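Numbering (my numbering), first residue to last: 1 to 137.
Glycine included, C-beta positions come from ideal geometry on N, C-alpha and C.
All values derive from a computational prediction rather than experimental measurement.
To start, the structure itself, in structure tokens.
In structure tokens:
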């Protein structure tokens, strides 16, 4: 079994993958969203090349736990992605993952320009690790 974590955004999608033991999450890449379906095709390429069996998509709940417009958009996109990939998709709470990723990079003195380039894949890794940790409990 191997998992892929996705931090969906309207401009970029952060991608992370698990190790084959499903204990670690590795930030992999950031996919630019162009609106032409190429982002889904790239996700499918990654899934195929890494032997992904399950996909975890971060669901951006509101801070009070409610589902807002952005979360509904992610849910709709996830349904389309599931049909396109033919792999099971799990939605997982991603609240504050981008904030946590930003904080980590500031702590490591990563320049703002570089942070913008990698924050989405770091957030995907944090979200995926949270999901993997829940499997072991």
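Which same chain residues, not among the five before or five after residue i, have their C-beta less than 7 Å away from its C-beta?
i	result
residue 25	5, 16, 18, 125, 128, 129 and 132
Since I believe residue j is in contact with residue i (beta carbons under 8 Å), could you give me their beta-carbon distance rounded to a whole number of angstroms?
i	j	result
residue 27	residue 121	4 Å
residue 87	residue 75	With 8 Å as the limit, residue 87 and residue 75 do not qualify as a contact, their Cβ atoms being about 16 Å apart.
If distances are taken between C-alpha atoms only, which option among the options comes closest to residue i?
i	options	result
residue 3	81, 89 and 61	89
residue 14	98, 68, 38 and 75	98
residue 40	52, 48 and 81	81
residue 77	107, 21 and 55	55
residue 60	7, 118 and 136	7
Taking the continuous alpha helix (DSSP H) assigned at residue i, which residues delimit it?
i	result
residue 12	First-last for residue 12: 12-18, but that is the beta strand (DSSP E), not the alpha helix (DSSP H).
residue 69	69-85
residue 44	38-50
Please go through the same chain and pick out, in chain order, the residues whose beta-carbon is closer than 8 Å to the beta-carbon of residue i, but skip the five residues on each side of it.
i	result
residue 50	2, 4 and 17
residue 44	84 and 85
residue 46	4, 15, 17, 28, 29 and 52
residue 12	30, 31, 32, 33 and 120
Can you find the residues in the same chain that come closer than 6 Å, C-beta to C-beta, to residue i, ignoring five residues on each side of it along the sequence?
i	result
residue 64	none
residue 68	62
residue 138	The structure shown does not extend to residue 138, since the chain is modelled only from 1 to 137, so the question has no answer here.
Going by DSSP, which residues form a beta bridge with residue i?
i	result
residue 92	58
If I follow the unbroken beta strand (DSSP E) through residue i, where does it start and stop?
i	result
residue 31	25-32
residue 4	3-7
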